[in-house]
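Respectively, the protein sequence lines represent chains L and S. The opening residue of the first sequence carries number 1 in the numbering used here; numbering runs sequentially from there. The opening residue of the second sequence carries number 1001 in the numbering used here; numbering runs sequentially from there.
2 protein chains.
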Amino acid sequence: MHDLGVNAIYFCPIFQSTANHRYHTHDYFQVDPILGGNAAFKTLLEAAHARGIRVIIDGVFNHASRGLYQFNHTLENGKASPYLDWFTFRGFPVRAYDEPINYEAWWGLAPLPKFNHRNPQVREFIFRVAEHWIREGIDGWRLDVPGEIDDDEFWREFRRRVKAINPDAYIVGELWQRADRWLAGDQFDAAMNYQFTRACLSFFVEHNDASRNLLQEYSYGDVKPMEAGEFARALDEMLHWYPEEIVYAQLNLLDSHDTARFLSIARGDITALKLALLTMFTYPGAPMIYYGDEIAMEGRKDPDCRRAMVWNPGRVNREMLETTKRLTALRNKYAALRRGTLTTLHANGKTYAFARHYADETIIVTLNAGRESMMLDLRVDPLVPNGARLIDEWTREEIIVQEGFARGIPMPARDGKVWAVQK
Amino acid sequence: MHDLGVNAIYFCPIFQSTANHRYHTHDYFQVDPILGGNAAFKTLLEAAHARGIRVIIDGVFNHASRGLYQFNHTLENGKASPYLDWFTFRGFPVRAYDEPINYEAWWGLAPLPKFNHRNPQVREFIFRVAEHWIREGIDGWRLDVPGEIDDDEFWREFRRRVKAINPDAYIVGELWQRADRWLAGDQFDAAMNYQFTRACLSFFVEHNDASRNLLQEYSYGDVKPMEAGEFARALDEMLHWYPEEIVYAQLNLLDSHDTARFLSIARGDITALKLALLTMFTYPGAPMIYYGDEIAMEGRKDPDCRRAMVWNPGRVNREMLETTKRLTALRNKYAALRRGTLTTLHANGKTYAFARHYADETIIVTLNAGRESMMLDLRVDPLVPNGARLIDEWTREEIIVQEGFARGIPMPARDGKVWAVQK
């Protein structure tokens, strides 16, 4: 990870569970023995922190499992259990292993009994789990389906309890739509920015029936192709949805355990993935690499997108790996990419250019999603003064700004460039 | 406890469980939250140790519960679970909440799936539980139904692993019959000595249909009344069943969570309980007071014998409490009672007398289980020389030994006396 240039890891659920994805939690205080248990996690946390890498874990607090102590108690004792009010039952004895079940469950799925978050004991239990792992050293929580806990005060209290222990802890919600309700500053620090993903899928991927099929069902749904103008507007609008601190903390991503991989939706067109990755790494917010994207792993819809990581060096796409490392290094190098304002400079047809600016640092990104190479005369005033030079970050090619334009910018087909401005 | 004069506590199961008796373990590494969890237990251990009191806990390793992680895994995943070989299944999917169940369970009871102890993973799991709690500071294990794990090597390994961490740890098995197989020195340090209990019930309790009824079903079964001669032989024989170290470590008891209380079997006759308690506290082996016996709590068969402890001072039998304290003090005072040899001096009809002897200390106990007071001429030679005095431990009354006899020992009805020999 360190070699890849990343400075945080977000783990899908790690707590003891009988499901391979671990969204059925059996014990919120134990790391799954298959992962080495609490001891292995402690070692990992220490090793990560020693390398300046933060660790975020997945908090599944909407529902638990049939084996969770408190739910199992209701199965074993029925109406005599003191934990009845931890869930919502429609009858007794509890029917959990025969349909129809008689309790509320996530999407009606028997293995996923939903907590009753109105119960103060349940709230306290969850808050203590949250506090416990923050005390153990995690650096934040990714919250699974938090919108299904329809209670702002629950999440406000969650935030207070977590931040009281570690004010720097990162709280990011799985919210697939615009999420003003949770991103006003009193609940989450960020959301998983699937809006950004959708925009990238719209602009960089050449769609056909196969790609459209991969977008459907518990995933993005319809994603309409976009021209550069729409794309630029979409990216710009998102920057004004939420308070600035939140915009700059958004979790941007190109795919996840819940979606077909970007590369597979693009039917293996690695140029689409590279263009999107370049955009993500130069756009405001925290770029997230879904494991394996950096070596061009493919994966269709869940569960195919959850394939085991490819460790075999012979099966690694080295060029993709080098590209990814170049992008993490780029972002680590320029504060403008992490903290700078974004200004759209050009958007037309399949070409798009924008600048990031912070203090005396200006970075310009030029992208050509089209199939034909071309040259671009890019208007850069008033941001960049005449006489300044645009230096290609990797080839060191230079273009001098004259009369407000950087003329003759090479725009190779299906590729992008990053230019540092030297005044 | 300290005030009562005891120096060890044996707790019935304390691990997280959905059953009030906790013989259905949900998690072997967590103390039940109802008991305050691991934190409360740690505090208790420290407080006990600070007072010189050791703590033994109940290890239920024959069977677990339907909520145990590994069993729950088989319920959730059926044949795909890696834990199938932790139990013994007769079909799939696993049927655990509908009769007939399709796995081996203790006495066929659905909530108590039996471990497959032939599986090395199961063995290792149990050994690690045993080691974990010894490391946490417990002073030994009481083993629930260990005879149902029909594997001497399992228990030998258990002993090696426990003793490697704490050579003084006490390992005591729940074995209701003579237990030579487990008490040769390579497995347990002791057994729960229900044979001793049976003998006391035979000699001190006046039986009728009501008492006989309380002895039946998952308990002692038939207990025939005994005269003093038989009682003396029974007590003497037990001392030769096992190696001496084991005899002196046996867990002697008058009742438990599995049996009607001694006092209830005696239909409230407190003289029976007091005579038996005096015998237990002056007999080789570790006397165990089942909570509440010291204040004359009653309780018929399980679950009545598991009533909550009476803490209300107004409902405490103070005389019984004082008697019990007198007996713990007595045993703490005389090494002869803890480590001495036992010699039967007299056994006839309803009267019985024996001596305990260690180094230069000799203690004589005289008991009259009959309904009539009498005087006893007790032959004490060659153990006690002529001219020595027998001093009543509590009244200080003295009897001088002459011609090998202590003559005129008062034997009040349904009572006993303890005499210290002064040479």
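In this text, a Cβ means the ideal position worked out from N, Cα and C, and glycines have one as well.
Note to self: Output needed in chain order: residues of the region 345-364 of chain L with a Cβ under 7 Å from some Cβ in chain S.
What the structure shows: Contact residues of the region 345-364 of chain L toward chain S are absent (C-beta to C-beta distance below 7 Å).
Note to self: Between S:1072, S:1015, S:1312 and S:1285, which has its C-alpha nearest residue 16 (chain L)'s C-alpha?
What the structure shows: For the purposes of this step, residue 16 (chain L) is identified with residue 16 of the first sequence, where counting begins at 1. Nearest of S:1072, S:1015, S:1312 and S:1285 to residue 16 (chain L), Cα basis: S:1072.
Next item on the list: State the Cα-Cα distance for the pair residue 221 (chain L) and residue 34 (chain L), rounded to the nearest angstrom.
Entry: Stepping through the first sequence from its first residue, residue 221 (chain L) is reached at position 221. Stepping through the first sequence from its first residue, residue 34 (chain L) is reached at position 34. The straight-line gap from Cα to Cα measures roughly 34 Å.
Next item on the list: Verify the CB distance criterion: does residue 109 (chain L) have a CB-CB separation below 8 Å to chain S?
Entry: Here residue 109 (chain L) corresponds to residue number 109 of the first sequence, with the count starting at 1. Output row for residue 109 (chain L): interface = no.
Next item on the list: Just the C-alpha distance for residue 284 (chain L) and residue 418 (chain L), rounded to the nearest angstrom, thanks.
Entry: Position 284 of the first sequence, counted from the first residue, corresponds to residue 284 (chain L). Position 418 of the first sequence, counted from the first residue, corresponds to residue 418 (chain L). So the alpha carbons of these two residues sit roughly 15 Å apart.
Next item on the list: Report the neighbours of residue 73 (chain L) on chain S: residues whose CB is nearer than 7 Å to its CB, in chain order.
Entry: Counting from 1 along the first sequence, the entry for residue 73 (chain L) is found at position 73. The contacting residues are 1018.
Checklist line | Best match in L:304, L:280 and L:150 for proximity to residue 261 (chain L) [C-alpha to C-alpha] | finding: Counted from its first residue, the first sequence places residue 261 (chain L) at position 261. Selected option, being the one with the closest Cα: L:304.
Notebook entry, point to check: Got a sec: is the Cβ-Cβ distance from residue 1026 (chain S) to anything in chain L below 8 Å?
Noted result: In the second sequence, residue 1026 (chain S) corresponds to position 26, counting from 1. Judged by the 8 Å Cβ criterion, residue 1026 (chain S) is in contact with chain L.
Notebook entry, point to check: Terminal residues of the continuous beta strand (DSSP E) containing residue 1419 (chain S)?
Noted result: By 1-based counting over the second sequence, the position of residue 1419 (chain S) is 419. In the DSSP annotation of this structure, the continuous segment of the beta strand (DSSP E) that includes residue 1419 (chain S) starts and ends at 1415-1422.
Notebook entry, point to check: Based on the DSSP secondary-structure assignment, which residues constitute the bridge partners of residue 250 (chain L)?
Noted result: Against the first sequence, residue 250 (chain L) aligns to sequence position 250. Residue 250 (chain L) pairs with nothing; no bridge assigned.
Margin query: Quick check: the Cα distance between residue 338 (chain L) and residue 248 (chain L), rounded to an integer number of angstroms?
Written below: Here residue 338 (chain L) is taken as the residue at index 338 of the first sequence, counted from 1. Here residue 248 (chain L) is taken as the residue at index 248 of the first sequence, counted from 1. Going from the Cα of residue 338 (chain L) to the Cα of residue 248 (chain L) covers about 8 Å.
Notebook entry, point to check: Which chain L residues are close to residue 1076 (chain S), counting only those with a beta carbon under 8 Å from its beta carbon?
Noted result: Taking the second sequence and counting its residues from 1, one reaches residue 1076 (chain S) at position 76. What residue 1076 (chain S) touches in chain L: 18, 19, 24, 65, 66, 67 and 111.
Notebook entry, point to check: Residues bridged to residue 1352 (chain S) by DSSP?
Noted result: Stepping through the second sequence from its first residue, residue 1352 (chain S) is reached at position 352. The partner list for residue 1352 (chain S) (beta bridge, DSSP) reads S:1347 and S:1367.
Note to self: Please list the terminal residues of the continuous alpha helix (DSSP H) segment that includes residue 282 (chain L).
What the structure shows: Taking the first residue of the first sequence as position 1, residue 282 (chain L) is located at position 282. Where residue 282 (chain L) is concerned, the enclosing alpha helix (DSSP H) stretches over 270-282.
Check: Apart from the five residues on each side of it in sequence, which residues of its chain come closer than 8 Å, Cβ to Cβ, to residue 1193 (chain S)?
Finding: Counting from 1 along the second sequence, the entry for residue 1193 (chain S) is found at position 193. Result list for residue 1193 (chain S): 1238, 1250, 1251, 1252, 1253 and 1285, in chain order.
Next item on the list: Determine whether the Cβ of residue 1293 (chain S) lies closer than 8 Å to any Cβ atom of chain L.
Entry: By 1-based counting over the second sequence, the position of residue 1293 (chain S) is 293. Answer no: the Cβ-Cβ gap between residue 1293 (chain S) and chain L never drops below 8 Å.
Note to self: Let's see if you can read the secondary structure: which residues bound the beta strand (DSSP E) around residue 1193 (chain S)?
What the structure shows: Your numbering for residue 1193 (chain S) matches position 193 in the second sequence. Where residue 1193 (chain S) is concerned, the enclosing beta strand (DSSP E) stretches over 1190-1193.
Item checked: Validate contact between the region 77-89 of chain L and the region 24-44 of chain L using beta carbons, cut 8 Å, 3 pairs -> no
Note to self: Once the 5 residues before and after residue 1102 (chain S) are set aside, which same chain residues still bring their CB inside 7 Å of it?
What the structure shows: Taking the second sequence and counting its residues from 1, one reaches residue 1102 (chain S) at position 102. Correct list, in chain order: 1089, 1090, 1091, 1094 and 1095.
Checklist line | Interface residues of the region 84-100 of chain L facing chain S [CB-CB below 9 Å] | finding: 93, 94, 95, 96, 97 and 98
Checklist line | residue 1121 (chain S), enclosing alpha helix (DSSP H) - first and last residue | finding: By 1-based counting over the second sequence, the position of residue 1121 (chain S) is 121. Per DSSP, residue 1121 (chain S) belongs to the alpha helix (DSSP H) from 1120-1135.
Next item on the list: From the DSSP output, read off the bridge partner residues of residue 342 (chain L).
Entry: For the purposes of this step, residue 342 (chain L) is taken as residue 342 along the first sequence, with counting starting at 1. Answer by DSSP bridge pairing, in chain order: L:356.
Next item on the list: Would you be able to state if there are at least three C-beta pairs under 8 Å between the region 1307-1317 of chain S and the region 398-410 of chain L?
Entry: no
Notebook entry, point to check: residue 1264 (chain S): which of S:1240, S:1277 and S:1214 sits nearest, CA to CA?
Noted result: One-based indexing of the second sequence puts residue 1264 (chain S) at position 264. Scanning S:1240, S:1277 and S:1214 for the CA closest to the CA of residue 1264 (chain S) turns up S:1214.
Checklist line | DSSP-derived helix/strand/coil call for residue 960 (chain S) | finding: Lying outside 1001 to 1423, the shown extent of chain S, residue 960 (chain S) is not represented and no answer is given.
Next item on the list: With DSSP collapsed to three states, give me the class of residue 1325 (chain S).
Entry: In the second sequence, residue 1325 (chain S) corresponds to position 325, counting from 1. Helix, per DSSP.
Item checked: For residue 335 (chain L), the nearest candidate out of L:385, L:14, L:200 and L:358 (CA to CA) -> One-based indexing of the first sequence puts residue 335 (chain L) at position 335. Nearest option by C-alpha distance: L:358.
Check: With a Cβ-Cβ cutoff of 8 Å, do residue 276 (chain L) and residue 211 (chain L) count as a contact?
Finding: Here residue 276 (chain L) refers to the residue found at position 276 when the first sequence is read from its first residue. Here residue 211 (chain L) refers to the residue found at position 211 when the first sequence is read from its first residue. In this structure, residue 211 (chain L) does not lie closer than 8 Å to residue 276 (chain L) by Cβ.
Margin query: I believe residue 196 (chain L) touches residue 171 (chain L) by the beta-carbon criterion, under 8 Å. Please report the beta-carbon distance rounded to the nearest angstrom.
Written below: Along the first sequence, one-based indexing puts residue 196 (chain L) at 196. Along the first sequence, one-based indexing puts residue 171 (chain L) at 171. Their Cβ separation, rounded to whole angstroms, is 19 Å, which puts residue 196 (chain L) and residue 171 (chain L) out of contact at 8 Å.
Next item on the list: Return the Cβ separation of residue 1133 (chain S) and residue 1062 (chain S) in integer angstroms, given the expectation that the two are a contact with Cβ distance under 8 Å.
Entry: Taking the second sequence and counting its residues from 1, one reaches residue 1133 (chain S) at position 133. Taking the second sequence and counting its residues from 1, one reaches residue 1062 (chain S) at position 62. With 8 Å as the limit, residue 1133 (chain S) and residue 1062 (chain S) do not qualify as a contact, their Cβ atoms being about 17 Å apart.
Next item on the list: With DSSP as the reference, label residue 1395 (chain S) as helix, strand or coil.
Entry: The residue labelled residue 1395 (chain S) in the question sits at position 395 within the second sequence. Residue 1395 (chain S) falls in the coil class under three-state DSSP.
Item checked: The alpha helix (DSSP H) enclosing residue 1070 (chain S), as first and last residue numbers -> The sequence position of residue 1070 (chain S) within the second sequence is 70, counting from 1. Residue 1070 (chain S) -> alpha helix (DSSP H) spans 1069-1077.
Check: Which residues in the same chain as residue 1423 (chain S) place their Cβ atom closer than 6 Å to its Cβ, once the five residues preceding and following it in sequence are excluded?
Finding: Position 423 of the second sequence, counting from 1, holds the residue named residue 1423 (chain S). The answer, listed in chain order, is 1388.
Margin query: Checking 8 Å against the spacing of the C-beta atoms, do residue 1202 (chain S) and residue 1259 (chain S) come in under that value?
Written below: Locating residue 1202 (chain S) in the second sequence gives position 202, where the first residue counts as 1. Locating residue 1259 (chain S) in the second sequence gives position 259, where the first residue counts as 1. It is not a contact, given that the beta carbons lie outside the stated cut-off.
Next item on the list: Just grab the DSSP bridge partners of residue 1059 (chain S) for me.
Entry: Along the second sequence, read from residue 1 onward, the residue named residue 1059 (chain S) stands at position 59. Beta-bridge pairing links residue 1059 (chain S) to S:1143.
Next item on the list: Report buried or exposed for residue 224 (chain L), applying the criterion of at least 16 other Cβ atoms within 10 angstroms of its Cβ.
Entry: Sequence index remark: in the first sequence, residue 224 (chain L) carries index 224 (1-based). Answer is exposed; the Cβ neighbour count stays below 16.
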